[in-house]
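In UniProt numbering, the protein residues as written are 1 to 767.
Cβ coordinates follow ideal geometry from the N, Cα and C atoms, glycine included.
Structure record follows, encoded as structure tokens.
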Amino acid sequence: MVASKSPKAAKVAPRYTERVMGAMSQIQRETHKHAIRTASIHARVQKMAQERKEKLGPHWKTFVTKAIGVLTEEGILEKDHGAYALSLSGKKIIATARRALDLPSNSQDMTIEQEVDLWKQVLRTPIATPTRKRLRNSRVPAGDDSDDELVELPSSPIKGRKRARTSSAAASHRPVREPTREPPSPLTELEESMENVLVPTPATASARPRQSRSFIDQLSKQPTPAPTEMELHDDITDEPAYIELPASADNYSATPVESLKEELAKAESAVVALSRELRDLREQRTTLDSELARTRKRADANAAEKVMLEAQLAADVPRTDEADLLAQIAHLEGEKGQLQQTIATKDVRISRLEERNESLAQDAVELNAKLAVLRDAAEALKPQMDALDSALAERISIQTVLEAQLAAAKKEAEDMRLKVGVFETSTRLLRTEIESKAAQLSEREAELGGELTAKAGAMSALESRNAELAASLNEARSKMIEAEAARSCLADRFSEAELRNSSFQATIDELRLAEGRAVASIEQLSAESVKQLGIRDETVAALKSELLTAQEATRVQAAQAEETLTALTWQLAHTQASHAALESTLAVTSEKSRSELEAASAKSADVSAKLEEAVKRLGEVETRLHIAGRKHTSEIADKDVILTTLNDTLVSARADVQDMVQKLAQADRDRGQLHADVVQIKGDLQAEMANTRDIAAELESERAKRAQAETSLNEVRELREADVATIGALQDKFARLKDAQMELWVQFELARPSGQPVLPPASSSTL
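Pasting the structure below:
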């Protein structure tokens, strides 16, 4: 019987596997990403359901997660660092389905119906794996939000033929999914109840690793185990990453390189521990997957057997005991419930293992990043380590050289006695030179004092000149005040301005002449000041150079004296060591003599004579050593006195230099003050010149105003004369008009009949 598809059938909700495939296709088409996170798939499934106005169940996220797991088990999807991507076999299946349905290769050109048909075709296509071949259960009702479509029957030809024979009518309408369905089985109710207990998968793109001793969920109530510690012998076969320096006094403290090495070792051990734990979890997951597959096979077999029994019950009710069949069905339902509960428990464990796996993967990624950072830091510190190695080698070579120098110094101990006389001579010469330098410094100090006195006289002359300039400036200011008073009087005495203009002009000329003289004197004074300051700067620079030269010579002499003192100290120590060696040699010789006396009693006279001679020689040596020690002690005392004298001379010279520096600084400050005074005087003169220019400008403006006023007055006079002429002409016209009116009235009176009242002419006002 051929299955037919009716176009008018009721709308069937897509399975969650189809939703997952559609969501991944849209995300890859928009973002061009290879791997997609679970949270992104959840969000896109919800968005697609809202766009298509489809209703999702209350536990749709769990079903989407299960659908992702089913697609991963079937080989369509593969897991990549906590995300999911299409596998090579999945891509081949999609290409085959496109060719079978004759769909365009571009997903943007397909409609929603074509895309749904494509995913149905993909999910109906068997996966080319040698283990099993999944088929869709034809007895699963449509339109349910549960994940019943994920439970599929194994490929068995005998059971398939029985199912096709007993349910041929249902098989003919399989793509449509008839709305009539059986009552919910205990399996579905168990899943609905278990979803309230399960913790949903977090929607974040990257799951954060759980902290140690934190609870996983509300089902197990068990804390997460602490991270495994590093094994004691994990790094026995590993080669050290860096060359370890031997422990010595030079590297007894921890360096940044060692701390980085410790952090790197800890990070590597943590990565190894996490890798081991991840491998164990993968093995556990493989075991649980195999157990889950076996459990699902059993559930599929029980479901198939239930379907067969129900079909037999529907076909052979009259011939079969209904009570036995119902009991068998109830028994099978109970087994199915137990199996479904086992599957749910396994799913919970798998979800926990997946979460743990993701967290471990995130930890591994973070530790790898930290390991890379530490390795980069170690690479960056390699030059420092090389520098430390070179410094260590250089220090060892220096130590070898010092040992050789010590041996050479021991050999040169006898030569130092000859150098003592040379040192005494050089000390006398140095003392003579220091005394001459001190005399020169005192003479130079006297010369500097005379020059400072001369400079003080010049400064007093400059101050007197500044006082004269200040007096001239005050006189100019008083004259300017008088000019200001005269300018204020111009407003009250405008009529007398012409008479006083000449006097004001003369005053302005005098002020200009005074200003020119003041400017010339200030410029001359400035030139003299600059010249004197230049001479003084040259003198100060020469004095500074001489003082620095004397100070440097004194420092060199002090350094030579210190080196000589160090050499004498070392010579004294060497002499004391020689004395101790002689004493030890004497002790050894005495012991040998005593042993020879005890051993050779027959030659006592000769040995006694030799012993007396040896004792006499020893006394002479001791006397010489004692005299040499006293001599060296007196020489050291003399050198100490000389060094003390040199130090005192150096301190006094430094004090003199400090005084001269202070005097030079004071002279610089005085010069700066004089320069500031000159600048202030120039500013005052410029201000006075500006005031003079303002007064001249005001005078010019007053003259212009006066000329304008005179012009206006002339114009007013001309207008007044014109008005007077116009008024005279009007008066003449009015008089003539009045005369004409009187003549007309007289004529009217003469021509008027008698008896009419006489109207006098209207009197008009005169202008």
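Exercise. Compute the Euclidean distance between the alpha carbons of SER155 and ALA299, then round it to the nearest angstrom.
Key: Locating residue 155 in the sequence shown gives position 155, where the first residue counts as 1. Locating residue 299 in the sequence shown gives position 299, where the first residue counts as 1. Low confidence applies here, because SER155 scores a pLDDT of 39, under 50, leaving its location unreliable; read the following figure in that light. Cα-Cα distance, rounded: 14 angstroms.
Quiz item: Can you give the Cα-Cα distance for ASP694 and GLU468, rounded to whole angstroms?
Solution: Taking the first residue of the sequence shown as 1, we reach residue 694 at position 694. Taking the first residue of the sequence shown as 1, we reach residue 468 at position 468. When rounded, the distance between both Cα atoms is 26 angstroms.
Practice problem: Would you check if there are 3 or more beta carbon pairs closer than 8 angstroms linking the region 360 to 371 to the region 60 to 75? | Solution: By the C-beta criterion, the region 360 to 371 is judged not to be in contact with the region 60 to 75, since fewer than 3 inter-stretch pairs fall below 8 angstroms.
Quiz item: Along the chain, where does the alpha helix (DSSP H) that runs through LEU118 open and close?
Solution: One-based indexing of the sequence shown puts residue 118 at position 118. Its alpha helix (DSSP H) spans residues 112 to 124.
Exercise. Keeping to the same chain, check which residues put their C-beta closer than 7 angstroms to that of THR17; ignore five residues upstream and five downstream.
Key: As a working note, residue 17 is residue 17 in the sequence shown. Taken in chain order, the residues that qualify are ALA67, VAL70, LEU71, LEU123.
Quiz item: Touching or not, the region 671 to 683 and the region 457 to 474, by the rule of three or more beta carbon pairs under 8 angstroms?
Solution: Output reads yes: the region 457 to 474 touches the region 671 to 683.
Quiz item: Considering only residues of the same chain and omitting the five flanking positions on each side of GLU231, which have a CB-CB separation below 6 angstroms?
Solution: Within the sequence shown, residue 231 is the residue found at index 231, counting from 1. Low per-residue confidence applies at GLU231: pLDDT is 39, beneath 50, and the placement is therefore not dependable, though the value from the model is reported in the following sentence. Result list for GLU231: empty, nothing under 6 angstroms.
Practice problem: Express the C-alpha separation of TRP745 and ALA751 in angstroms, rounding to a whole number. | Solution: As a position in the sequence shown, residue 751 is number 751, starting the count at 1. As a position in the sequence shown, residue 745 is number 745, starting the count at 1. Annotation: ALA751 to TRP745 spans about 10 angstroms, alpha carbon to alpha carbon.
Practice problem: Compute the beta-carbon to beta-carbon distance between ALA446 and THR649, rounded to the nearest angstrom, for a pair I have assumed lies under 8 angstroms. | Solution: Your numbering for residue 446 matches position 446 in the sequence shown. Your numbering for residue 649 matches position 649 in the sequence shown. At roughly 18 angstroms, the Cβ-Cβ gap does not stay under 8 angstroms, so ALA446 and THR649 are not in contact.
Quiz prompt | Through-space distance from ARG37 to ALA49, alpha-carbon basis | solution = Counting from 1 along the sequence shown, the entry for residue 49 is found at position 49. Counting from 1 along the sequence shown, the entry for residue 37 is found at position 37. One C-alpha to the other measures close to 19 angstroms.
Quiz prompt | TRP119 beta carbon less than 8 angstroms from that of MET21 | solution = Within the sequence shown, the letter at position 21 stands for residue 21. Within the sequence shown, the letter at position 119 stands for residue 119. Cβ distance < 8 angstroms, so MET21 and TRP119 count as in contact.
Quiz prompt | LYS370 (DSSP reduced to helix, strand or coil) | solution = Locating residue 370 in the sequence shown gives position 370, counting from the first residue. Helix, per DSSP.
Quiz item: Roughly how many angstroms lie between the CA atoms of GLN666 and ASP659, to the nearest whole one?
Solution: As a working mapping, residue 666 is identified with position 666 in the sequence shown. As a working mapping, residue 659 is identified with position 659 in the sequence shown. GLN666 and ASP659: Cα-Cα distance of roughly 10 angstroms.
Quiz prompt | Selection from ALA380, GLU54, LEU646 that minimises the alpha carbon distance to VAL260 | solution = Taking the sequence shown and counting its residues from 1, one reaches residue 260 at position 260. Before going on, a small fix: residue 260 reads as Leu here, not Val. The shortest Cα separation from LEU260 among ALA380, GLU54, LEU646 belongs to ALA380.
Quiz item: What three-state label does DSSP hand ALA35 in the structure shown?
Solution: Taking the sequence shown and counting its residues from 1, one reaches residue 35 at position 35. Three-state DSSP puts ALA35 in coil, outside helix and strand.
Quiz item: Among VAL556, GLU635, ILE642, which has the Cα closest to the Cα of GLY421?
Solution: Along the sequence shown, one-based indexing puts residue 421 at 421. Among VAL556, GLU635, ILE642, the Cα nearest to that of GLY421 belongs to GLU635.
Self-check item: Closest Cα partner of LYS33 within the set GLU54, ALA83, VAL64
Solution: As a position in the sequence shown, residue 33 is number 33, starting the count at 1. The residue with the shortest Cα to Cα distance from LYS33 is ALA83.
Quiz item: Quick one: what's got a C-beta closer than 7 angstroms to ASP656's C-beta in the same chain, skipping five residues either side?
Solution: Indexing the sequence shown from 1 puts residue 656 at position 656. If we look at ASP656 and ignore the five residues flanking it on each side, its Cβ neighbours are LEU441, GLU445.
Quiz item: ARG431 and ILE627 look like a contact to me (Cβ under 8 angstroms); what is the Cβ gap, rounded to whole Å?
Solution: For this step, residue 431 is matched to residue 431 along the sequence shown. For this step, residue 627 is matched to residue 627 along the sequence shown. At roughly 27 angstroms, the Cβ-Cβ gap does not stay under 8 angstroms, so ARG431 and ILE627 are not in contact.
Self-check item: Any 3 or more C-beta pairs closer than 8 angstroms across the region 326 to 343 and the region 370 to 388
Solution: Result no; under three Cβ-Cβ pairs closer than 8 angstroms.
Quiz item: Under a three-way DSSP split, which group does LEU77 fall into?
Solution: As a position in the sequence shown, residue 77 is number 77, starting the count at 1. Strand.
Self-check item: Helix, strand or coil at LEU86 [DSSP, three-state]
Solution: If you number the sequence shown from 1, residue 86 lands on position 86. Of the three classes helix, strand and coil, the one that applies to LEU86 here is strand, per DSSP.
Quiz prompt | Own chain residues within Cβ distance below 8 angstroms of ALA520, not counting five before or after | solution = Indexing the sequence shown from 1 puts residue 520 at position 520. Close CB contacts of ALA520 within its chain, under the 8 angstroms cut and outside five residues either way in sequence, are absent.
Quiz prompt | Distance between LYS370 and LYS297 (C-alpha atoms, nearest Å) | solution = Here residue 297 is taken as the residue at index 297 of the sequence shown, counted from 1. Here residue 370 is taken as the residue at index 370 of the sequence shown, counted from 1. Between LYS297 and LYS370, the C-alpha separation is close to 45 angstroms.
Quiz item: Looking at the C-beta of HIS32, does it have a partner C-beta in chain C at a distance below 8 angstroms?
Solution: Absent from the structure: chain C. Only one protein chain is present.
Exercise. Give the secondary structure of ASP509 by DSSP, where H, G and I count as helix, E and B as strand, and everything else as coil.
Key: Position 509 of the sequence shown, counted from the start, is the residue given in the question as residue 509. The three-state secondary structure of ASP509, taken from DSSP, is helix.
Quiz prompt | Span separating the alpha-carbon of GLU475 from that of GLU688 | solution = Residue numbering aside, residue 475 sits at position 475 when the sequence shown is read from its first letter. Residue numbering aside, residue 688 sits at position 688 when the sequence shown is read from its first letter. Cα to Cα, the separation comes out at about 11 angstroms.
Quiz item: Can you give the Cα-Cα distance for GLU424 and THR623, rounded to whole angstroms?
Solution: Taking the sequence shown and counting its residues from 1, the one referred to as residue 424 is at position 424. Taking the sequence shown and counting its residues from 1, the one referred to as residue 623 is at position 623. Cα to Cα, the separation comes out at about 24 angstroms.
Practice problem: Go ahead and pull the three-state DSSP assignment for ASN106. | Solution: Reading the sequence shown from its first residue, position 106 is the one you call residue 106. DSSP, reduced to helix, strand and coil, places ASN106 outside both helices and strands of the structure shown, so it counts as coil.
Quiz item: Hey, how far is the Cα of ASP415 from the Cα of ASP389?
Solution: Working through the sequence shown from its first residue, we reach residue 415 at position 415. Working through the sequence shown from its first residue, we reach residue 389 at position 389. Those two C-alpha atoms are separated by around 39 angstroms.
Quiz item: If you draw a straight line from the alpha carbon of GLN114 to that of LEU103, how long is it in whole angstroms?
Solution: For the purposes of this step, residue 114 is taken as the residue at position 114 of the sequence shown. For the purposes of this step, residue 103 is taken as the residue at position 103 of the sequence shown. Their backbone Cα atoms lie some 8 angstroms apart in a straight line.
Exercise. Report buried or exposed for ALA456, applying the criterion of at least 16 other Cβ atoms within 10 angstroms of its Cβ.
Key: As a position in the sequence shown, residue 456 is number 456, starting the count at 1. ALA456 is classed as exposed because its beta carbon has fewer than 16 other beta carbons within 10 Å across all chains shown.
Exercise. Alpha carbon to alpha carbon, how far is LYS79 from VAL271? Give it in angstroms, no decimals.
Key: Here residue 271 refers to the residue found at position 271 when the sequence shown is read from its first residue. Here residue 79 refers to the residue found at position 79 when the sequence shown is read from its first residue. Those two C-alpha atoms are separated by around 21 angstroms.
Quiz item: Taking DSSP as the reference, what is the three-state secondary structure of PRO14?
Solution: What you label residue 14 is simply residue 14 of the sequence shown in a count that begins at 1. Look at PRO14 here: in three-state DSSP terms it is coil, with no helix or strand label.
Practice problem: Write down the C-beta distance between LEU406 and LEU274 rounded to the nearest angstrom, noting that I regard them as a contact closer than 8 angstroms. | Solution: Counted from its first residue, the sequence shown places residue 406 at position 406. Counted from its first residue, the sequence shown places residue 274 at position 274. For a cut-off of 8 angstroms, the C-beta gap from LEU406 to LEU274 is around 57 angstroms, too long to register as a contact.
Quiz item: If you draw a straight line from the alpha carbon of VAL176 to that of SER89, how long is it in whole angstroms?
Solution: By 1-based counting over the sequence shown, the position of residue 176 is 176. By 1-based counting over the sequence shown, the position of residue 89 is 89. Per-residue confidence for VAL176 stands at a pLDDT of 39, beneath the threshold of 50, marking its modelled position as unreliable; the derived number appears in the next sentence. Straight-line Cα distance between these residues: approximately 28 angstroms.
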